[in-house]
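Trainee: Residue numbers (the numbering used here): 698 to 1117.
Here a beta-carbon is modelled for each residue, glycine too, at the ideal position from N, C-alpha and C.
Treat the numbers as computed from the prediction; the structure is a model and nothing was measured.
1) Between residue 903 and residue 915, how many whole angstroms is the CB-CB distance? I'm expecting something under 8 Å.
2) Quick one: grab the DSSP three-state call for residue 1055.
3) If you run the structure through DSSP and keep just helix, strand and coil, what is residue 972?
4) Taking only the alpha-carbon atoms, compute the straight-line gap between residue 788 and residue 1048 and give it to the nearest angstrom.
5) Can you give me the C-alpha to C-alpha distance between residue 892 and residue 920, rounded to a whole angstrom?
6) Can you tell me which of 1088, 1086, 1078 and 1087 puts its alpha carbon nearest to the alpha carbon of residue 1104?
7) Measure the alpha-carbon distance for residue 725 versus residue 735 and round it to whole angstroms.
8) Going by the beta-carbon positions, is the gap between residue 1000 and residue 933 smaller than 8 Å?
9) In the DSSP assignment, find the beta strand (DSSP E) that holds residue 672 and state where it starts and stops.
10) For the segment 988-1002 against the segment 758-774, do three or more pairs of beta-carbon atoms, one drawn from each stretch, fall closer than 8 Å, so that the two count as touching?
11) State the start and end residues of the unbroken alpha helix (DSSP H) segment that holds residue 919.
12) Just mark residue 779 as buried or exposed, buried being the case when its beta carbon has 16 or more other beta carbons within 10 Å.
13) Excluding the 5 residues preceding and the 5 following residue 1114 in the sequence, name in chain order all residues of the same chain whose CB lies nearer than 7 Å to its CB.
14) From what residue to what residue does the alpha helix (DSSP H) around residue 962 run?
15) Per DSSP, residue 1083 forms a beta bridge with which residues?
16) Taking the straight line between their C-alpha atoms, what separation do you get for residue 1089 and residue 853?
17) What does the Cβ neighbour count give for residue 1099, buried or exposed, with the cut at 16 atoms within 10 Å?
18) Mind checking residue 806: buried by the 16 CB within 10 Å criterion, or exposed?
19) Is the beta carbon of residue 927 less than 8 Å from the beta carbon of residue 947?
20) DSSP three-state call for residue 859: helix, strand or coil?
21) Under the rule that 16 or more other beta-carbon atoms within 10 Å means buried, what is residue 730, buried or exposed?
22) For the beta strand (DSSP E) that residue 911 lies in, which residues bound it at each end?
23) Suppose you measure from the CA of residue 923 to the CA of residue 952; what does that come to, to the nearest Å?
24) What does the alpha-carbon distance come out to for the pair residue 733 and residue 757?
25) On a Cα-Cα basis, can you pick out the residue from 743, 737 and 774 that is closest to residue 723?
26) Could you work out which residue in 980, 981, 991 and 983 is closest to residue 972 when comparing CA atoms only?
27) Using a 10 Å radius around the Cβ and a threshold of 16 neighbouring Cβ atoms, would you call residue 1012 buried or exposed?
28) Please report the distance separating the alpha-carbon of residue 1015 from that of residue 1045.
29) Any idea if residue 848 is buried or exposed, counting beta-carbon neighbours within 10 angstroms, 16 or more meaning buried?
30) Could you tell me if residue 1058 is buried or exposed, where buried requires 16 or more neighbouring beta carbons within 10 angstroms of its beta carbon?
31) Whole angstroms are fine: how far does the CA of residue 1003 sit from the CA of residue 1034?
32) Taking the C-alpha atoms as reference points, what is the distance between residue 1107 and residue 878?
33) Rounded to the nearest angstrom, what separates residue 750 and residue 719 at their Cα positions?
34) Identify the residues that DSSP records as bridge partners of residue 942: which are they?
35) For residue 894, does the three-state DSSP call read helix, strand or coil?
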């Protein structure tokens, strides 16, 4: 919810400069804001006036916010920039836990983290308002001894705890990842001089051409084909950050040659199912995800996993799951639908695919247990149950695909499910 009820305007009177600095902070937090929008915002505020604080908030909101995922960042930066003149102290309180040890402190929300970094970077700019007289900049000393490299730390860092800079680095690392797959042996046979099976028809045809004399026995072996990859990605509010990073990974897989996948299909679901396969063919990942987000109107909305899986099974299953497709289901399993419907659709999905792999970011917690109704309904019908909250977990996905005996955490959680 917007927090404009207690947002007095700054008292220094430099409204144009403040709006400009506010726009810079939003841009550092990832919002696509250029000089044209800044001029539009200044003109809009001048036209709307300042008689109502709500008008000031919504005027800036209408100019700077274009997508639903930008609202949280805008709200955080607006509250901290226009409400408290000593917002740097608030920013330091948000950032210090991440500096000490992100695994030991409760991580701030993603929007708050990005707002903190944007405003801290803005405070470091020479043209921004200085700190109050008499106050010295706090000196932060970090002991980097006996720590892992930055790359190794980034591999294991939770996507939700990443800063803006770390997210950009993680996206570059995901763009270099591959997801190779082995070919599938079919029942059809093909000629092969080193094959294990004799080809008597080929042998006799060759003998007829040589006057009926058999000089060599032809051989054959099973032909192979490449499977398709189908990705079903949950884009509800609790999964938005993880889904965006996973879709970066899927985009890299879809556009990398030589990995073996016959086709890569991608669907998003929240309250409804959306096919974004054609958008992933765009070479530029940002343009691809922006187009996919524009088509998926339920981004960061509610969750109806059962109804969305039913829509997939009825409308798309026969078209994309033929010839041994592998299905990646990315979801936290928190569903409001009928568990019986969800369990039935999961079972149908598993029977239609060669392998169903469920990636759940909640597995990052050691104490995770299948207590939610949705998780309990889905778990028995997956082949592999693995985590998907970091770069390392996505790298391990390649090993799971190469080993058909890999079931991840399914056996452990099924055991705990039987005890309940």
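Mentor: Put simply:
1) Within the chain shown, the letter at position 206 stands for residue 903. Within the chain shown, the letter at position 218 stands for residue 915. Correct: roughly 6 Å between the Cβ atoms.
2) Locating residue 1055 in the chain shown gives position 358, where the first residue counts as 1. In this structure, residue 1055 counts as strand in the three-state DSSP scheme.
3) For the purposes of this step, residue 972 is identified with residue 275 of the chain shown, where counting begins at 1. Residue 972: strand per DSSP, three-state reduction.
4) Locating residue 788 in the chain shown gives position 91, where the first residue counts as 1. Locating residue 1048 in the chain shown gives position 351, where the first residue counts as 1. Low local confidence applies: a pLDDT of 46 at residue 788 is under 50, so the model's placement there is unreliable, with the coordinate-based value given in what follows. Here the alpha carbon of residue 788 sits roughly 51 Å from the alpha carbon of residue 1048.
5) Taking the chain shown and counting its residues from 1, the one referred to as residue 892 is at position 195. Taking the chain shown and counting its residues from 1, the one referred to as residue 920 is at position 223. Pairing residue 892 with residue 920, the inter-Cα distance amounts to about 11 Å.
6) Here residue 1104 refers to the residue found at position 407 when the chain shown is read from its first residue. Residue 1104 has its Cα closest to that of 1078, out of 1088, 1086, 1078 and 1087.
7) In the chain shown, the residue the question calls residue 725 occupies position 28. In the chain shown, the residue the question calls residue 735 occupies position 38. Rounded to the nearest angstrom, the two C-alpha atoms are 14 Å apart.
8) Here residue 1000 refers to the residue found at position 303 of the chain shown. Here residue 933 refers to the residue found at position 236 of the chain shown. Yes, they are a contact pair.
9) No statement about residue 672 is possible, as the shown extent of the chain runs from 698 to 1117 and does not include it.
10) Yes, the segment 988-1002 is in contact with the segment 758-774.
11) Within the chain shown, the letter at position 222 stands for residue 919. Here residue 919 belongs to no alpha helix (DSSP H); instead the beta strand (DSSP E) covers 916-922.
12) Within the chain shown, numbered from 1, the residue matching residue 779 stands at position 82. Note on residue 779: 16 or more other CB atoms within 10 angstroms of its CB, so buried under the neighbour-count rule.
13) For the purposes of this step, residue 1114 is taken as residue 417 along the chain shown, with counting starting at 1. Counting only residues of its own chain and dropping the five nearest sequence neighbours on each side, residue 1114 has a CB closer than 7 Å to the CB of 1067, 1073 and 1076.
14) The sequence position of residue 962 within the chain shown is 265, counting from 1. For residue 962, there is no enclosing alpha helix (DSSP H); the residue is part of the beta strand (DSSP E) that begins and ends at 961-966.
15) Within the chain shown, residue 1083 is the residue found at index 386, counting from 1. Beta-bridge pairing by DSSP links residue 1083 to 1056.
16) On the chain shown, position 392 is the one that residue 1089 refers to. On the chain shown, position 156 is the one that residue 853 refers to. Their backbone Cα atoms lie some 6 Å apart in a straight line.
17) In the chain shown, residue 1099 corresponds to position 402, counting from 1. Classification of residue 1099: exposed, given that the 10 Å Cβ count is below 16.
18) Here residue 806 refers to the residue found at position 109 of the chain shown. With a pLDDT of only 48 at residue 806, under 50, the local geometry of the prediction cannot be trusted, and the value read off the model is given with reservation. Here residue 806 is exposed. Its C-beta has fewer than 16 other C-beta atoms within 10 Å.
19) Along the chain shown, one-based indexing puts residue 927 at 230. Along the chain shown, one-based indexing puts residue 947 at 250. Between residue 927 and residue 947, the C-beta spacing is not below 8 Å.
20) The residue you call residue 859 lines up with position 162 of the chain shown. Three-state result, residue 859: coil.
21) For the purposes of this step, residue 730 is identified with residue 33 of the chain shown, where counting begins at 1. Counting the other Cβ atoms within 10 Å of the Cβ of residue 730 gives 16 or more, which makes it buried.
22) One-based indexing of the chain shown puts residue 911 at position 214. Segment: none, residue 911 is in no beta strand (DSSP E) and carries neither H nor E.
23) The residue you call residue 923 lines up with position 226 of the chain shown. The residue you call residue 952 lines up with position 255 of the chain shown. Taking the straight line from one Cα to the other gives about 16 Å.
24) Position 36 of the chain shown, counting from 1, holds the residue named residue 733. Position 60 of the chain shown, counting from 1, holds the residue named residue 757. Residue 733 and residue 757 have their C-alpha atoms spaced approximately 13 Å apart.
25) Looking up residue 723 in the chain shown gives position 26. Among 743, 737 and 774, the Cα nearest to that of residue 723 belongs to 774.
26) Indexing the chain shown from 1 puts residue 972 at position 275. The residue from 980, 981, 991 and 983 with its alpha-carbon nearest to that of residue 972 is 991.
27) Taking the chain shown and counting its residues from 1, the one referred to as residue 1012 is at position 315. Within a 10 Å sphere around the beta-carbon of residue 1012 sit fewer than 16 other beta-carbons, which makes this residue exposed.
28) What you label residue 1015 is simply residue 318 of the chain shown in a count that begins at 1. What you label residue 1045 is simply residue 348 of the chain shown in a count that begins at 1. C-alpha separation (whole angstroms): 12 Å.
29) Working through the chain shown from its first residue, we reach residue 848 at position 151. The residue in question, residue 848, is exposed, as its Cβ has fewer than 16 Cβ neighbours within 10 Å.
30) Position 361 of the chain shown, counted from the first residue, corresponds to residue 1058. So residue 1058 counts as buried.
31) By one-based count along the chain shown, residue 1034 stands at place 337. By one-based count along the chain shown, residue 1003 stands at place 306. Each residue's Cα considered, the two are about 6 Å apart.
32) Position 410 of the chain shown holds residue 1107. Position 181 of the chain shown holds residue 878. Here the alpha carbon of residue 1107 sits roughly 22 Å from the alpha carbon of residue 878.
33) Here the question's residue 750 lines up with position 53 in the chain shown. Here the question's residue 719 lines up with position 22 in the chain shown. If I take the Cα positions, the gap works out to 16 Å.
34) Position 245 of the chain shown, counted from the first residue, corresponds to residue 942. Beta-bridge pairing links residue 942 to no other residue.
35) If you number the chain shown from 1, residue 894 lands on position 197. Correct three-state label for residue 894: strand.
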